[in-house]
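Structure record follows, encoded as structure tokens.
Number of protein chains: 2
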Amino acid sequence: MTITGEMLLGATALRGTDKPIRAVEAATGEPMEPAFGGGTAADVERACALAWAAFDTYRETAPEARAAFLEACAQAILDTGDELITRAMAESGLPRGRLEGERGRTVGQLRLFASELRDGGWTGARIDPALPDRKPLPRPDLRLRQIALGPVAVFGASNFPLAFSVGGGDTASALAAGCPVVVKAHSAHPGTSELVGRAIQSAVRSCGLPEGVFSMLFGSGQVVGQGLVADPRIKAVGFTGSRAGGTALMKTAAGRPEPIPVYAEMSSINPVFLLPKAMASRAAAMGRGFVGSLTLGAGQFCTNPGLVMALDGPDLDNFLASATEALGGAPAQTMLTPGILKAYQTGVAHLAGNNRVRKVASGQLATAGTQGEAALFETTAAHFMEDPALAEEVFGAASLVIRCPDVETMLRLAEGLEGQLTATIQMDEGDLEAARLLLPVLERRVGRILVNGYPTGVEVSHAMVHGGPYPSTSDGRSTSVGSLAIARFLRPVCYQDMPEALLPAALRDGNPMGLWRRIDGVLGKD
Amino acid sequence: MTITGEMLLGATALRGTDKPIRAVEAATGEPMEPAFGGGTAADVERACALAWAAFDTYRETAPEARAAFLEACAQAILDTGDELITRAMAESGLPRGRLEGERGRTVGQLRLFASELRDGGWTGARIDPALPDRKPLPRPDLRLRQIALGPVAVFGASNFPLAFSVGGGDTASALAAGCPVVVKAHSAHPGTSELVGRAIQSAVRSCGLPEGVFSMLFGSGQVVGQGLVADPRIKAVGFTGSRAGGTALMKTAAGRPEPIPVYAEMSSINPVFLLPKAMASRAAAMGRGFVGSLTLGAGQFCTNPGLVMALDGPDLDNFLASATEALGGAPAQTMLTPGILKAYQTGVAHLAGNNRVRKVASGQLATAGTQGEAALFETTAAHFMEDPALAEEVFGAASLVIRCPDVETMLRLAEGLEGQLTATIQMDEGDLEAARLLLPVLERRVGRILVNGYPTGVEVSHAMVHGGPYPSTSDGRSTSVGSLAIARFLRPVCYQDMPEALLPAALRDGNPMGLWRRIDGVLGKD
Numbered sequence: 001m002t003i004t005g006e007m008l009l010g011a012t013a014l015r016g017t018d019k020p021i022r023a024v025e026a027a028t029g030e031p032m033e034p035a036f037g038g039g040t041a042a043d044v045e046r047a048c049a050l051a052w053a054a055f056d057t058y059r060e061t062a063p064e065a066r067a068a069f070l071e072a073c074a075q076a077i078l079d080t081g082d083e084l085i086t087r088a089m090a091e092s093g094l095p096r097g098r099l100e101g102e103r104g105r106t107v108g109q110l111r112l113f114a115s116e117l118r119d120g121g122w123t124g125a126r127i128d129p130a131l132p133d134r135k136p137l138p139r140p141d142l143r144l145r146q147i148a149l150g151p152v153a154v155f156g157a158s159n160f161p162l163a164f165s166v167g168g169g170d171t172a173s174a175l176a177a178g179c180p181v182v183v184k185a186h187s188a189h190p191g192t193s194e195l196v197g198r199a200i201q202s203a204v205r206s207c208g209l210p211e212g213v214f215s216m217l218f219g220s221g222q223v224v225g226q227g228l229v230a231d232p233r234i235k236a237v238g239f240t241g242s243r244a245g246g247t248a249l250m251k252t253a254a255g256r257p258e259p260i261p262v263y264a265e266m267s268s269i270n271p272v273f274l275l276p277k278a279m280a281s282r283a284a285a286m287g288r289g290f291v292g293s294l295t296l297g298a299g300q301f302c303t304n305p306g307l308v309m310a311l312d313g314p315d316l317d318n319f320l321a322s323a324t325e326a327l328g329g330a331p332a333q334t335m336l337t338p339g340i341l342k343a344y345q346t347g348v349a350h351l352a353g354n355n356r357v358r359k360v361a362s363g364q365l366a367t368a369g370t371q372g373e374a375a376l377f378e379t380t381a382a383h384f385m386e387d388p389a390l391a392e393e394v395f396g397a398a399s400l401v402i403r404c405p406d407v408e409t410m411l412r413l414a415e416g417l418e419g420q421l422t423a424t425i426q427m428d429e430g431d432l433e434a435a436r437l438l439l440p441v442l443e444r445r446v447g448r449i450l451v452n453g454y455p456t457g458v459e460v461s462h463a464m465v466h467g468g469p470y471p472s473t474s475d476g477r478s479t480s481v482g483s484l485a486i487a488r489f490l491r492p493v494c495y496q497d498m499p500e501a502l503l504p505a506a507l508r509d510g511n512p513m514g515l516w517r518r519i520d521g522v523l524g525k526d
Numbered sequence: 001m002t003i004t005g006e007m008l009l010g011a012t013a014l015r016g017t018d019k020p021i022r023a024v025e026a027a028t029g030e031p032m033e034p035a036f037g038g039g040t041a042a043d044v045e046r047a048c049a050l051a052w053a054a055f056d057t058y059r060e061t062a063p064e065a066r067a068a069f070l071e072a073c074a075q076a077i078l079d080t081g082d083e084l085i086t087r088a089m090a091e092s093g094l095p096r097g098r099l100e101g102e103r104g105r106t107v108g109q110l111r112l113f114a115s116e117l118r119d120g121g122w123t124g125a126r127i128d129p130a131l132p133d134r135k136p137l138p139r140p141d142l143r144l145r146q147i148a149l150g151p152v153a154v155f156g157a158s159n160f161p162l163a164f165s166v167g168g169g170d171t172a173s174a175l176a177a178g179c180p181v182v183v184k185a186h187s188a189h190p191g192t193s194e195l196v197g198r199a200i201q202s203a204v205r206s207c208g209l210p211e212g213v214f215s216m217l218f219g220s221g222q223v224v225g226q227g228l229v230a231d232p233r234i235k236a237v238g239f240t241g242s243r244a245g246g247t248a249l250m251k252t253a254a255g256r257p258e259p260i261p262v263y264a265e266m267s268s269i270n271p272v273f274l275l276p277k278a279m280a281s282r283a284a285a286m287g288r289g290f291v292g293s294l295t296l297g298a299g300q301f302c303t304n305p306g307l308v309m310a311l312d313g314p315d316l317d318n319f320l321a322s323a324t325e326a327l328g329g330a331p332a333q334t335m336l337t338p339g340i341l342k343a344y345q346t347g348v349a350h351l352a353g354n355n356r357v358r359k360v361a362s363g364q365l366a367t368a369g370t371q372g373e374a375a376l377f378e379t380t381a382a383h384f385m386e387d388p389a390l391a392e393e394v395f396g397a398a399s400l401v402i403r404c405p406d407v408e409t410m411l412r413l414a415e416g417l418e419g420q421l422t423a424t425i426q427m428d429e430g431d432l433e434a435a436r437l438l439l440p441v442l443e444r445r446v447g448r449i450l451v452n453g454y455p456t457g458v459e460v461s462h463a464m465v466h467g468g469p470y471p472s473t474s475d476g477r478s479t480s481v482g483s484l485a486i487a488r489f490l491r492p493v494c495y496q497d498m499p500e501a502l503l504p505a506a507l508r509d510g511n512p513m514g515l516w517r518r519i520d521g522v523l524g525k526d
């Protein structure tokens, strides 16, 4: 397939006439061919009109038809072959193994939602049968199901050019829910975006769906990004990126004549709590494990462990010595974009320049101007509490270790943290009591609590939560990874005394779709 | 029980020191005893501190304990006896029968959430067991459950002094979810509020729960209302009232350092579509049925039918003649507050003064200055489309009939409506095709679609949706009536590789709570 630099508007491809974007080869900083013309307000208008026109038909396609479509998307993405991997490698600087794995994840994600569609539990079907003889008043026949919210604007993320981008989790879950999707492609990997976008476009065609089910635009955050979020036909937003970017979209969405939900996955420092008994028994091993998680993918994960809390003392010294050694073997890595590298270097310089923070260790030196060097810092609990800037995310392989005088201080620090995607507890049997104190504090603050693991590595499954209170996301009632992500794009509708001929299949007598339904509150397959 | 005029702060009662509020006897306009001292910022602070202190304990009480608490609240409300009814009658002007019925609804609502707690489906438990041998990477053990959001600020509604007020649906669903509640009592029925508040306070005590589970404040919208929504310990808001009031709270909530969800049920004109065959066969009966719904409770329902669409012609003339006759027999009714009466009269005067609108009929004349007279207006589809003000809610027994030239115009008008709580279709067998065209348009715009009924009368059950797209509510993904309302106050948390000793009961091996759980995606009672 040739990468043309065109946007995808329904079934057509079109060169944008606004300021063009060029990919930059991450490893060299050199601009790449071709140019991708930026979208205009008219392109936003056209994509939204197509999505709106497709909505009523698409949302009422049989779940099996949508499942087959998601599987066709998966297959079409696989069919892009090595071209997708090599383009994504060039644009992101991520290594082949990672991107091949990420393609597997992306395809698996689409297939998970296909199976979720066949399961049907997302329909949330409930029936309260009529009680015509009830006194003092009869009860009407009431039937509830979840329906699609409407067209969804999806913003690709820079750090997962496949799994959180054009055909990533937001797109897969919105399409599963019955929502057409308009993607604003991330400017850091436009070629990768076009390849995946064309794969989805071909699946729309081969499945005979209305063309407006999927469109993809290149262009600026202002014209295309804000334009999409402001369009009255867009009914929800999926975003993964920076706190500044996410809050800007939240503001636009809240200020519309009809405000809409924004699912923005933004910033998280993913605290790791090293409890005393675990430290006493395996501080050195934890130091190595931690560095493995910290440096994975150049630290460019939303779940990168950016904060470590432990009791001051010799065990922590052992942990740091081991981490220092491990970090010494960690090569500098190409970062995703010059902007991300620069922000990382600025964050690291701020920490290094803070006279209450000590640099503990560094990764290997960069061998090219596009690489980031890992860095580990430490400070005391008292200093951390005094300086809120120390709790800000530094996106990349940097982390800050807090020396705490006692477990109570760790609890107090935990209580002071903003909302997070994850929190990790390293513990042994003897730490149960401390963990019990920590658990409720973490439950209030995070979406996922891990024991004796590291937060990088987000399973795509039914029980995953990749979400959490603000500012880790804009809406802590949701997850952007795993099958529960479909719930973000649904809303309940009740049908009262609706004739059988008008009822949606999910709610008809005799349960033709074989769904789990609550009949008068009792769950079963009637 | 004596009504003292005191606020309830946890286990204590306290006279507010801010500007006092007095109830006004709805029928006479006379101020009533006692004065209710308004809450201050310090009272807001104290109520939120108590709620926060109670949160971790209360959210982890066994569901059975919360169910027993909700039942104790119901019993305590019943135990207020006739005093509650007579006070509510005086403060609201609503008749005895309605308020006795509303108390039954309130108590039934609390009991419904008790049964919902015992059902346990709201837990949303999911378990993806570990796959230690999976290649290339093992899968950790992942377990998900829904937990309470945090303390909730609830705003009582004027039009349901029992069922949507201190002990109403928002309070019941938030308490069921495990959220402490701080109520801002509505200033129109402070005595009713105190009686119900004391009933809940006594249930908190008798159930041995932390006192901060429930507090209730009187006072101004600015100090107490906005103060509660801005407090960092409040994590969600439940509100029923005007569009202006709801949007002001939305703005405050979105502008917090940590934005929080607002569930505001605001404005709806509840369109009724009279389809041609039904009109041909039973226009006169429909006219009578419609007026019954229009005038119920002086029209002071969120689901009052404020807009009627029908084809121009003799059948519509029949409908209007029958409605006119029925309206002629409809007495003027005491309205809830002087402010609501005045807003109603202003709305009616605007319609009457619009030279493209014709007054069709009136209810009987008022016999007191506190009563509202029902009114029915008509206009043409063309005029309705030209003047957006005609689609604004007039809260009370007024409705506007639109003469449409054809069904296509009805569809176009439907497509132009804002979000609504309900839409009603009156149809016969021969109208199926028209209804089929209307249905998708309505699904996108409303929370509940009724056939051959009227929208007033909102069943409290499992399949009810009392919600809808903005501006009918601030969050169309939810319902404020029925058991699904509990979902508003929950968020998912995932536990990864958590030792059995730390896992919440809902997620432990062996399913000790006997819940429906999804194991590897498959629903069952393992």
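Residue numbers (UniProt numbering), protein chains in the order written: chain W, 1 to 526; chain E, 1 to 526.
Cβ atoms here follow ideal geometry from the backbone N, Cα and C, with glycine treated the same way.
Between which two residues does the beta strand (DSSP E) harbouring residue i extend?
i, result
"THR424/W", "420-426"
"GLU378/W", "375-380"
"TYR495/W", "490-496"
"ARG15/E", "Segment: none, ARG15/E is in no beta strand (DSSP E) and carries neither H nor E."
"VAL107/W", "Segment 96-119 is the alpha helix (DSSP H) holding VAL107/W; no beta strand (DSSP E) there."
"MET309/E", "307-311"
Check for me: the alpha helix (DSSP H) holding residue i runs from which residue to which?
i, result
"MET250/W", "243-255"
"PHE239/E", "Not the alpha helix (DSSP H): PHE239/E falls in the beta strand (DSSP E), residues 236-240."
"GLY467/E", "First-last for GLY467/E: undefined, no H or E at that position."
"GLN75/W", "63-79"
"CYS340/W", "Per the sequence shown, the amino acid found at residue 340/W is Ile instead of Cys. Note, ILE340/W: alpha helix (DSSP H), 338-353."
"ARG444/W", "432-445"
"SER173/E", "169-177"
Can you give me the C-alpha to C-alpha distance between residue i and residue j, rounded to a whole angstrom?
i, j, result
"ARG488/E", "ILE449/E", "21 Å"
"PHE69/W", "ALA76/W", "10 Å"
"LEU417/E", "ARG66/W", "29 Å"
"GLY297/E", "THR334/E", "9 Å"
"PRO95/E", "ASP82/E", "13 Å"
Do residue i and residue j have their C-beta atoms within less than 9 Å of each other?
i, j, result
"PHE113/W", "ALA157/W", "no"
"PRO405/E", "LEU490/E", "no"
"LEU110/E", "GLY167/E", "yes"
"PRO471/W", "GLU258/E", "yes"
"THR4/W", "GLY38/W", "no"
"PHE395/E", "ALA185/E", "no"
"GLY225/E", "PHE155/E", "yes"
Rounded to the nearest angstrom, how far is the Cβ of residue i from that of residue j, given a contact under 8 Å?
i, j, result
"ASP141/E", "HIS462/W", "Going by Cβ atoms, the distance from ASP141/E to HIS462/W rounds to 13 Å, so no, they are not a contact pair."
"LEU515/W", "ALA125/W", "5 Å"
"GLU64/W", "ARG118/W", "7 Å"
Please confirm whether any heavy atom of the ligand COA lies closer than 8 Å to the CB of residue i.
i, result
"ALA487/W", "The ligand COA is not among the ligands present in this structure, which contains no ligands whatsoever."
Short of 7 Å Cβ to Cβ, which residues in the region 494-506 of chain W face chain E?
CYS494, TYR495, GLN496, ASP497, MET498, PRO499, ALA501, LEU502
Along the region 363-385 of chain W, what residues have a CB closer than 8 Å to any CB found in chain E?
none
Compile a chain-ordered list of the residues in the region 458-488 of chain E whose CB is closer than 9 Å to at least one CB of chain W.
Flagged, chain order: GLU459, SER461, HIS462, ALA463, MET464, VAL465, HIS466, GLY467, GLY468, PRO469, TYR470, PRO471, SER474, ASP475, GLY476, ARG477, SER478, THR479, GLY482, SER483, LEU484, ALA487, ARG488.
Could you please tell me which residues of the region 232-243 of chain W, in chain order, have their CB closer than 7 Å to any CB of chain E?
none
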